[in-house]
Amino acid sequence: MTHLRHPTHPIPPGTRDILPDEMRELRRLSLALIDTFERFGYGEVATPTIEYEDVLARGDERGAPVAYRFFDESGELLAMRSDMTIPIARLVANRYAGAEPPYRLCYLARAYRAVRPQRGQMREFTQAGVELVGAPAPEGTVEVVEVLAAALDAAGLTRAVIGLGDADLYRQLLDEVGVTGEARDRLLDCLATHDHVGLEAEVGRLDLDEQHRDTLLRAPTLRGGPEVLEEARRLGGPATDRATSRLAETFEALRARGVADRISLDLGLLRDLGYYTGAILEVYDPALGHILGGGGRYDELMGRFGRPLPAAGFALHLERLHVAQAEEERESAVRSPQSAGGPA
Amino acid sequence: MSGVPRPIRTAGDGPLSLAVPRGALFAGALDLLDAIGIGTSDLRGDSRALVFDAGEVILVTMRPSDVPTYVEAGAADLGITGKDVLAEQRDRAVYELLDLGFGACRMVLAGRRGDRSLGESERRLGAMRIATKYPRTAERWLEETGRQAEVIEVKGSVELAPLAGLADGIVDLVESGRTLAENDLEVREEIALSTARLVANRVAHKLRAAEIDALAARMREARRP
Numbered sequence: 012m013t014h015l016r017h018p019t020h021p022i023p024p025g026t027r028d029i030l031p032d033e034m035r036e037l038r039r040l041s042l043a044l045i046d047t048f049e050r051f052g053y054g055e056v057a058t059p060t061i062e063y064e065d066v067l068a069r070g071d072e073r074g075a076p077v078a079y080r081f082f083d084e085s086g087e088l089l090a091m092r093s094d095m096t097i098p099i100a101r102l103v104a105n106r107y108a109g110a111e112p113p114y115r116l117c118y119l120a121r122a123y124r125a126v127r128p129q130r131g132q133m134r135e136f137t138q139a140g141v142e143l144v145g146a147p148a149p150e151g152t153v154e155v156v157e158v159l160a161a162a163l164d165a166a167g168l169t170r171a172v173i174g175l176g177d178a179d180l181y182r183q184l185l186d187e188v189g190v191t192g193e194a195r196d197r198l199l200d201c202l203a204t205h206d207h208v209g210l211e212a213e214v215g216r217l218d219l220d221e222q223h224r225d226t227l228l229r230a231p232t233l234r235g236g237p238e239v240l241e242e243a244r245r246l247g248g249p250a251t252d253r254a255t256s257r258l259a260e261t262f263e264a265l266r267a268r269g270v271a272d273r274i275s276l277d278l279g280l281l282r283d284l285g286y287y288t289g290a291i292l293e294v295y296d297p298a299l300g301h302i303l304g305g306g307g308r309y310d311e312l313m314g315r316f317g318r319p320l321p322a323a324g325f326a327l328h329l330e331r332l333h334v335a336q337a338e339e340e341r342e343s344a345v346r347s348p349q350s351a352g353g354p355a
Numbered sequence: 181m182s183g184v185p186r187p188i189r190t191a192g193d194g195p196l197s198l199a200v201p202r203g204a205l206f207a208g209a210l211d212l213l214d215a216i217g218i219g220t221s222d223l224r225g226d227s228r229a230l231v232f233d234a235g236e237v238i239l240v241t242m243r244p245s246d247v248p249t250y251v252e253a254g255a256a257d258l259g260i261t262g263k264d265v266l267a268e269q270r271d272r273a274v275y276e277l278l279d280l281g282f283g284a285c286r287m288v289l290a291g292r293r294g295d296r297s298l299g300e301s302e303r304r305l306g307a308m309r310i311a312t313k314y315p316r317t318a319e320r321w322l323e324e325t326g327r328q329a330e331v332i333e334v335k336g337s338v339e340l341a342p343l344a345g346l347a348d349g350i351v352d353l354v355e356s357g358r359t360l361a362e363n364d365l366e367v368r369e370e371i372a373l374s375t376a377r378l379v380a381n382r383v384a385h386k387l388r389a390a391e392i393d394a395l396a397a398r399m400r401e402a403r404r405p
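In the order they appear, the protein sequences are chains A and P.
Under this note's numbering, the residues of the first sequence are numbered 12 to 355, in order.
Under this note's numbering, the residues of the second sequence are numbered 181 to 405, in order.
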């Protein structure tokens, strides 16, 4: 293709066109994911790209940042959805009122977030995910993680890792040692922004005994295999005991289903969306510096739509999965040049 | 150890890569690496190479303000940069693991000695004019302290702006304060203290936890108290 200079017709920042070669690969990847979800009994749904702003806000006042809001012709405030979890909570409340739970739903959908566009982060992007509504922990969590592992296999990302943590742990730890008010907010803010230096400074300023101080600093750094649970137990206290037992129970069930190899236990995990309770998930692949997706439990979200039901789910970032696939291919070509047909 | 001409993305295996800032933090970063047993003699020479294989880690040299960009994308697993840079680029999602202690300096608001135009401009013209290389830090500080300002981003010597009449004052990083004094400027307000920090990519921090924690522990041990 030749590159001639010509007048351009702009598109909004953080959006892009997709041409046939890329679209073909994206289509193949999405079909593999949806097939996997269907195989586990998850039925695909679609919801409107636009919703009433107050319906989205009911889901979570601290949700993913909405990029686009506008008025319709009758003056109603609309917004482009920033994820699918809240629209599906609304859909379940509206449409499944008479049906017996659990509900297993999946989706492949565009979402919109107010982010600074750069590689691997666009304002318009595609999510592929599942929602399991009406199945409590640990069974519900275990099922969702199993589907996630199968989806990563279907995408060919055999080296991908699922981080499993507990959203309640740190908040309960703070309750336990009696950190309240602004100090509590500052500590949670340090954790959410991954600022361990700030965390150390804030904890140092608190009037706590040495053991509690150590627990607040150590807990967020514990991550890795099942040995992490032992280390966590040694920290002591009811909050870590509770979180550790929950994680251990989930981990054992995952081991029984043969997906424990993919799991990295992580007590420092704190997803930035406010609706998570209990288990939280993040997905990584060594070939990509960005997070591929995430999820977890949100047992209180459905209640805000009048159907108090336990729920869990995950969303994978389709375009990042695709980049990770391409990077993995490139790296396996570097690792074994002959088999990939590259120069030796 | 030698210059490495080929791509060095480690992506899960091979040695960790560490982004090393050239400029004011360069000497401190090299001293720290020497202190934990990572040889830096090739970096101290006049080599034009940008990437150095130091055995257990690959050292990638760059501008301090580029470090968060490389680390966020995973093009470097770890990096050393100033808190001033991290504060200016707050939306870069990286783990800030350790205060390395060296490279201490202050982010300040400065004006011409004995000159009252900072306050006068705000009172009579509704906004003070501030020249800076750190526009977001400056805007945040003035907003948090309840003042209006017109923040003007410049790339070169910021001290020139108030002398030439581009701005009433500057927000800049000050180490000894000598440059300010030589240009007849004085510190009016201290905004923040800054030192060098160790940062990590979010994925590397999870997938290479043991190696990164071990390296950070050695740096914690070696840093000046």
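Cβ coordinates follow ideal geometry from the N, Cα and C atoms, glycine included.
Proximity test, Cβ basis, 9 Å: residue i and chain P
{"i": "D46(A)", "result": "no"}
{"i": "S275(A)", "result": "yes"}
{"i": "H333(A)", "result": "no"}
{"i": "Y295(A)", "result": "yes"}
{"i": "L299(A)", "result": "yes"}
{"i": "V77(A)", "result": "no"}
{"i": "Q336(A)", "result": "no"}
{"i": "V208(A)", "result": "yes"}
{"i": "I302(A)", "result": "yes"}
{"i": "E211(A)", "result": "yes"}
{"i": "H328(A)", "result": "no"}
{"i": "T191(A)", "result": "no"}
{"i": "A172(A)", "result": "According to the sequence shown, residue 172(A) is Val rather than Ala. At least one chain P Cβ lies under 9 Å of V172(A)."}
{"i": "R127(A)", "result": "yes"}
{"i": "R234(A)", "result": "yes"}
{"i": "H223(A)", "result": "no"}
CB of residue i within 9 Å of CB of residue j, strictly
{"i": "T312(P)", "j": "D264(P)", "result": "no"}
{"i": "I260(P)", "j": "A376(P)", "result": "yes"}
{"i": "W321(P)", "j": "E366(P)", "result": "no"}
{"i": "T152(A)", "j": "A290(A)", "result": "yes"}
{"i": "L280(A)", "j": "A178(A)", "result": "yes"}
{"i": "A75(A)", "j": "R308(A)", "result": "no"}
{"i": "L230(P)", "j": "V240(P)", "result": "yes"}
{"i": "V77(A)", "j": "E64(A)", "result": "yes"}
{"i": "A243(A)", "j": "L233(A)", "result": "yes"}
Sequence-distant residues of its chain with Cβ nearer than 7 Å to residue i (five each side left out)
{"i": "I302(A)", "result": "E293, V294, Y295"}
{"i": "S41(A)", "result": "L119, A139, L329"}
{"i": "R197(A)", "result": "E213"}
{"i": "E135(A)", "result": "G25, T26, R121, Y123"}
{"i": "Y271(A)", "result": "Position check: residue 271(A) holds Ala in this sequence, whereas Tyr was assumed. So the list reads F262, L265, once near-sequence residues are dropped."}
Any chain A beta carbon closer than 9 Å to residue i
{"i": "L387(P)", "result": "yes"}
{"i": "A384(P)", "result": "yes"}
{"i": "E276(P)", "result": "yes"}
{"i": "A329(P)", "result": "no"}
{"i": "G254(P)", "result": "yes"}
{"i": "A390(P)", "result": "yes"}
{"i": "N381(P)", "result": "yes"}
{"i": "V284(P)", "result": "One point to set straight first is that residue 284(P) is Ala, not Val, in the sequence displayed. Answer no: the Cβ-Cβ gap between A284(P) and chain A never drops below 9 Å."}
{"i": "A273(P)", "result": "yes"}
{"i": "R368(P)", "result": "no"}
{"i": "D193(P)", "result": "yes"}
{"i": "R316(P)", "result": "no"}
{"i": "R403(P)", "result": "no"}
{"i": "D279(P)", "result": "yes"}
{"i": "R320(P)", "result": "no"}
Beta-bridge partners of residue i, as assigned by DSSP
{"i": "D79(A)", "result": "The amino acid at residue 79(A) is misidentified as Asp; the sequence shows Tyr. Answer is none; Y79(A) lacks a bridge partner."}
{"i": "H328(A)", "result": "Q138(A)"}
{"i": "I274(A)", "result": "I173(A)"}
{"i": "M287(P)", "result": "L353(P), A372(P)"}
Cβ-based neighbour list, residue i, same chain, cut-off 8 Å, excluding 5 preceding and 5 following
{"i": "I392(P)", "result": "L196, D257, L258, L277, A380, A384, H385"}
{"i": "G167(A)", "result": "Q336, E339"}
{"i": "A165(A)", "result": "A43, L44, D46, T47"}
{"i": "E211(A)", "result": "L228"}
Neighbourhood of residue i by C-beta, 6 Å cutoff - its chain only, sequence neighbours within 5 removed
{"i": "R186(P)", "result": "Its pLDDT being 48, under 50, R186(P) is placed unreliably in this model, and the value from its coordinates should be taken loosely. None."}
{"i": "R224(A)", "result": "V214"}
{"i": "T19(A)", "result": "none"}
Taking one C-beta from the stretch 108–118 of chain A and one from the stretch 284–298 of chain A each time, how about it: are there three or more such pairs within less than 8 Å?
no
Decide if the stretch 334–346 of chain A is in contact with the stretch 148–163 of chain A; the criterion is three or more beta carbon pairs, one per stretch, under 8 Å apart.
no
Does the stretch 252–272 of chain A touch the stretch 206–213 of chain A, meaning 3 or more C-beta pairs lie closer than 8 Å?
no
Any 3 or more C-beta pairs closer than 8 Å across the stretch 375–382 of chain P and the stretch 339–349 of chain P:
no
Can we say the stretch 224–231 of chain P touches the stretch 287–294 of chain P, given the rule of at least three CB pairs closer than 8 Å?
no
Within the chosen definition, does the stretch 177–194 of chain A reach the stretch 236–250 of chain A through at least 3 CB pairs nearer than 8 Å?
yes
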